[in-house]
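**Q** Just add 3 to the spot in the sequence shown (first one is 1) and you have my numbering.
The beta carbon of each residue, even a glycine, is placed where N, CA and C say it ideally should be.
The structure that follows is given in the form of structure tokens.
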Amino acid sequence: MTMIMNIRPPDRKSNPMTQIPAALITGASTGIGATYAERFARRGHDLVLVARDAARMEALASRLRQETGVMIGNIVNALPAKRYRTHA
Numbered sequence: 004m005t006m007i008m009n010i011r012p013p014d015r016k017s018n019p020m021t022q023i024p025a026a027l028i029t030g031a032s033t034g035i036g037a038t039y040a041e042r043f044a045r046r047g048h049d050l051v052l053v054a055r056d057a058a059r060m061e062a063l064a065s066r067l068r069q070e071t072g073v074m075i076g077n078i079v080n081a082l083p084a085k086r087y088r089t090h091a
């Protein structure tokens with residue numbers, strides 16, 4: 004699942020259409036999440052990336068920092084994929 008949201012509150016004095024907010028992107032190590040991370044970084048957005056695969060996420064973050072100059076924070080999702088069990 005990929006979720007993208009504005010994590011920086013708008014400045015009341017400026018036009019929100021001209022601001023470049025930071026984006027929180029889940030599932031950022033591969034697939035659609037990684038694609039969104041790349042697109043937002045190339046548009047100048049700072050990023051907070053969340054993924055289970057820390058090595059892949061850090062590789063993506065390092066590359067995007069070098070290529071775009073944006074600030075990127077990483078969060079490793081340590082929750083197990085199957086948190087709840089159903090009992091039959």
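Do you know offhand how far Glu41's Cα is from Ile75's?
**A** Near 11 angstroms, if we compare the C-alpha coordinates of Ile75 and Glu41.
**Q** By Cβ distance, which residues of its chain are closer than 7 angstroms to Ala31, with the 5 residues on each side in sequence left out?
**A** If we look at Ala31 and ignore the five residues flanking it on each side, its Cβ neighbours are Ala37, Ala40, Leu52, Val53, Ala54, Met60 and Leu63.
**Q** Given that a residue counts as buried once 16 or more other Cβ atoms are within 10 Å of its Cβ, and exposed if not, what is Ala26?
**A** Ala26 should be labelled buried.
**Q** Quick check on Ile28: does DSSP put it in helix, strand or coil?
**A** Strand.
**Q** Starting from Ile78 and walking both ways along the beta strand (DSSP E), at which residues does that stretch end?
**A** Element bounds for Ile78: Ile75 to Val79.
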